[in-house]
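What follows is one structure encoded as structure tokens, with my remarks underneath.
Numbering (the UniProt record's numbering), first residue to last: 1 to 560.
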């Protein structure tokens, strides 16, 4: 070079002039490395995928129809899907959106607050959620009253009018109007409020119960035909009095398991209920004198009387036998199953003279004891219209063929004969009865105590031969007829020409054999009940109860 400086040195000086100093370069490198370390990697943006809006229903294909099933609930918006990313604005129910007015730069004097803009009711627009709730809640209010009445009628027929109608009347005005329909209050059964054993209601509660029943009688019972009161220990006279005053069309009165029924209750019936024809006081403690007085005055309008055997109830039966109820068609006398040995003196001839139109006569678990009266002339017309006679008992029975003949000697229309427990009745005595079209014969032996039964019986084939064309139900439980008699009897049942009417057959505890059983089952096409329990002459596995024609057909296949 011209100035004599070495080339390498000049270049080095030139680089030194143009480059930064060593300390500044080091600090720069540190800052860059620190920035690189602190910098977070950038997230990759996900590609937007357009999704179709969620449907509010699902379509399922059945055998012959399409089912549209909703997928939404009460919290979903069924009108449009919720948009993501929007801010939720709180909207009060029943109030519309109000855009706030622009604030002016004005200073108000102290003590005066800003007035909010007034909104008229007509300008309020219901929100979507409020409208949706109204749609869900108003479906019952849009039904016609006739439809609601028909729906309520089905429930009343199954569960009763009380307390169902009292509860649905509180739903809304429309349901209240439907529940007040007189067509729903034709038959009413009222039970007492549940109470723990050994405790009583407070006086205020008793008064509330009385007032509630009085209000129902005055506002709902105007068309009641049948009224039943169950398990009331107090206020029975008050209830009967209120019902008799408010129910001019009352036809049937039932007092079940009630106590404290006095003469006052029957006096209220005699003054108001001119259409009453049925009184049922079974299992209730009543004043017999009051009921006897009622029968002597208004017994001519009664068609049905049902009562339970008690210490003084023979006076009631005596009043009926004297002719206080000449139009009586049903008479039922029963007793509790745990009452033991119950005898009731009865004069059949006097009862036949006093109740010539009797159609149903039942004495359940009561032992009738023949009694003669002084005024009996000796000639009776029997029960010419009698269709059902029941003398069933679980205790010992002293009824003989002669006693049975005195009752039904002039009853050609007898259809149902229930002699369960009557062990002294014979097949020959039954076959001599005047009824030719008996449909139901119950002659099984069911004892609650140890009672000796005769081991030898004959002549069952006489009954099946006489009534083979009309018998629909036959009960021979624990009747010890011989195998030969049972085979002949079953053969008569199977020889019915045309359609066999037999529907129910109880042979439990008998000596029926396999051939006789196969014969009667094969010919009885309408048989749907068969009891073969405890039949020792049948193979194992077959001695049981069969219900329905399918089970009976399977039994027939096994027998063959």
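Beta carbons are placed, not taken as given, at the ideal position from N, Cα and C, and that holds for glycine.
These numbers come from a predicted model, not from an experiment.
- Do the CB positions of residue 447 and residue 394 come within less than 8 Å of each other? Here the question's residue 447 lines up with position 447 in the chain shown. Here the question's residue 394 lines up with position 394 in the chain shown. Their beta carbons are under 8 Å apart, which means residue 447 touches residue 394 by this criterion.
- Return yes when the Cβ of residue 523 is within less than 8 Å of the Cβ of residue 503, no when it is not. Walking along the chain shown from the start, residue 503 turns up at place 503. Walking along the chain shown from the start, residue 523 turns up at place 523. Not a contact, by the Cβ cut-off of 8 Å.
- Query: Who are residue 254's beta bridge partners in DSSP?
  - Reply: Position 254 of the chain shown, counted from the first residue, corresponds to residue 254. Answer by DSSP bridge pairing, in chain order: 228, 280.
- Task: Output yes or no for whether 8 Å exceeds the beta carbon distance between residue 270 and residue 307.
- Result: As a first step, residue 270 is located in the chain shown; it is residue number 270 there, counting from the start. As a first step, residue 307 is located in the chain shown; it is residue number 307 there, counting from the start. Taking 8 Å as the Cβ cut-off, residue 270 and residue 307 do not qualify as a contacting pair.
- Item | Secondary structure of residue 412, DSSP reduced to three states | Within the chain shown, residue 412 is the residue found at index 412, counting from 1. Residue 412: coil per DSSP, three-state reduction.
- Would you tell me roughly how many angstroms separate the C-alpha atoms of residue 156 and residue 165, rounded to the nearest one? Position 156 of the chain shown, counting from 1, holds the residue named residue 156. Position 165 of the chain shown, counting from 1, holds the residue named residue 165. Their Cα atoms are separated by approximately 8 Å.
- Query: Quick one: Cα of residue 370 to Cα of residue 346, how far?
  - Reply: For the purposes of this step, residue 370 is identified with residue 370 of the chain shown, where counting begins at 1. For the purposes of this step, residue 346 is identified with residue 346 of the chain shown, where counting begins at 1. Rounded to whole angstroms, residue 370 to residue 346 spans 5 Å at the Cα level.
- Message: Taking DSSP's pairing of strands, which residues face residue 200 in a bridge?
- Response: Within the chain shown, the letter at position 200 stands for residue 200. According to DSSP, residue 200 bridges with nothing at all.
- Query: Within this structure, are the beta carbons of residue 352 and residue 382 separated by less than 8 Å?
  - Reply: Stepping through the chain shown from its first residue, residue 352 is reached at position 352. Stepping through the chain shown from its first residue, residue 382 is reached at position 382. In this structure, residue 382 lies closer than 8 Å to residue 352 by Cβ.
- Give a yes or no on contact between the region 180 to 191 and the region 145 to 160, applying the rule of three or more CB pairs nearer than 8 Å. yes
- On the three-state DSSP scale, how would you describe residue 368? For the purposes of this step, residue 368 is taken as the residue at position 368 of the chain shown. Three-state result, residue 368: strand.
- Item | Alpha-carbon spacing of residue 407 relative to residue 492, whole angstroms | Here the question's residue 407 lines up with position 407 in the chain shown. Here the question's residue 492 lines up with position 492 in the chain shown. Using only the alpha carbons, I get a separation of about 28 Å.
- Where residue 298 and residue 410 are concerned, what is the direct C-alpha to C-alpha distance, given to the nearest angstrom? Locating residue 298 in the chain shown gives position 298, where the first residue counts as 1. Locating residue 410 in the chain shown gives position 410, where the first residue counts as 1. Their backbone Cα atoms lie some 29 Å apart in a straight line.
- Item | residue 123 (DSSP reduced to helix, strand or coil) | Residue numbering aside, residue 123 sits at position 123 when the chain shown is read from its first letter. Because the pLDDT of residue 123 is 49, which lies under 50, any placement of that residue in the model is unreliable, and the number read from its coordinates should be weighed accordingly. Helix.
- Message: Tell me the DSSP secondary structure of residue 308 in three-state form.
- Response: Mapped onto the chain shown, residue 308 falls at position 308. Residue 308 falls in the strand class under three-state DSSP.
- Message: Using 8 Å as the threshold, is the C-beta distance between residue 221 and residue 258 below it?
- Response: Here the question's residue 221 lines up with position 221 in the chain shown. Here the question's residue 258 lines up with position 258 in the chain shown. The answer is no: Cβ separation not under 8 Å.
- Under the criterion of a Cβ to heavy atom distance below 7 Å, does residue 370 qualify as lining the ligand MG? Of the ligands one can find in the structure shown there are none, so the ligand MG has no counterpart to examine.
- Roughly how many angstroms lie between the CA atoms of residue 313 and residue 288, to the nearest whole one? Taking the chain shown and counting its residues from 1, the one referred to as residue 313 is at position 313. Taking the chain shown and counting its residues from 1, the one referred to as residue 288 is at position 288. Taking the straight line joining both Cα atoms gives about 7 Å.
- Message: Can you check whether the C-beta of residue 234 is within less than 8 Å of a C-beta belonging to chain B?
- Response: Included in the structure is just one protein chain, with no chain B present.
- Assign residue 203 to one of two classes, buried (16 or more other C-beta atoms within 10 Å of its C-beta) or exposed (fewer than that). Stepping through the chain shown from its first residue, residue 203 is reached at position 203. Burial call: exposed.
- residue 144 versus residue 211 - alpha carbon distance: Here the question's residue 144 lines up with position 144 in the chain shown. Here the question's residue 211 lines up with position 211 in the chain shown. Approximately 32 Å, taken between the alpha carbons.
- Given a cut-off of 8 Å, decide if residue 445 and residue 421 are closer than it, judged by their beta-carbon atoms. Mapped onto the chain shown, residue 421 falls at position 421. Mapped onto the chain shown, residue 445 falls at position 445. Yes, these two residues count as a Cβ contact at 8 Å.
- Message: So, at 6 Å on beta carbons, what are the nonlocal neighbours of residue 286 in its own chain, with the 5 sequence-adjacent residues on each side left out?
- Response: Numbered from 1 along the chain shown, position 286 holds the residue referred to as residue 286. So the qualifying residues of the chain are 261.
- Of the residues 292, 384, 301, the one placed nearest residue 251, counting alpha carbons only: On the chain shown, residue 251 is found 251 positions in, with the first residue counted as 1. Closest by alpha carbon: 301.
- Query: Where does the unbroken beta strand (DSSP E) through residue 333 begin, and where does it stop?
  - Reply: Within the chain shown, numbered from 1, the residue matching residue 333 stands at position 333. Counting along the chain, the beta strand (DSSP E) containing residue 333 begins and ends at 330 to 334.
- For residue 177, collect the residues of the same chain with a Cβ closer than 8 Å to its Cβ; drop the 5 residues on either side in sequence, then sort them by chain order. Residue mapping note: residue 177 aligns to position 177 of the chain shown, counting from 1. Result list for residue 177: 145, in chain order.
- Task: For residue 476, name the three-state secondary structure that DSSP assigns.
- Result: In the chain shown, counting from the first residue as 1, residue 476 sits at position 476. Coil at residue 476, not helix or strand.
- Query: In three-state terms, what does DSSP make of residue 515?
  - Reply: As a working mapping, residue 515 is identified with position 515 in the chain shown. In this structure, residue 515 counts as helix in the three-state DSSP scheme.
- Task: Go ahead and label residue 526 buried or exposed: buried means 16 or more other beta carbons lie within 10 angstroms of its beta carbon, across all protein chains shown.
- Result: Along the chain shown, one-based indexing puts residue 526 at 526. Classification of residue 526: exposed, given that the 10 Å Cβ count is below 16.
- Determine which residues share a DSSP beta bridge with residue 360 and list them. Reading the chain shown from its first residue, position 360 is the one you call residue 360. Answer is 330, 388.
- Message: Quick check: the Cα distance between residue 465 and residue 397, rounded to an integer number of angstroms?
- Response: As a position in the chain shown, residue 465 is number 465, starting the count at 1. As a position in the chain shown, residue 397 is number 397, starting the count at 1. Distance between the alpha carbons of residue 465 and residue 397: 27 Å.
- Message: Once DSSP output is grouped into helix, strand and coil, what is the label at residue 442?
- Response: Position 442 of the chain shown, counted from the first residue, corresponds to residue 442. Correct three-state label for residue 442: strand.
- beta strand (DSSP E) segment containing residue 190, residue limits: The count along the chain shown starts at 1 and reaches residue 190 at position 190. It spans 187 to 191 - the beta strand (DSSP E) in which residue 190 sits, taken as one unbroken run.
- Message: My assumption, with CB atoms under 8 Å, is that residue 508 sits in contact with residue 480. Please give the rounded CB distance.
- Response: Counting from 1 along the chain shown, the entry for residue 508 is found at position 508. Counting from 1 along the chain shown, the entry for residue 480 is found at position 480. No, residue 508 and residue 480 are not in contact; Cβ-Cβ is about 12 Å, not under 8 Å.
- beta strand (DSSP E) segment containing residue 150, residue limits: In the chain shown, counting from the first residue as 1, residue 150 sits at position 150. No beta strand (DSSP E) holds residue 150; the alpha helix (DSSP H) holding it covers 145 to 159.
- Strand pairing of residue 418, partner residues [DSSP]: Here residue 418 corresponds to residue number 418 of the chain shown, with the count starting at 1. DSSP output for residue 418 lists 390, 442 as bridge partner(s).
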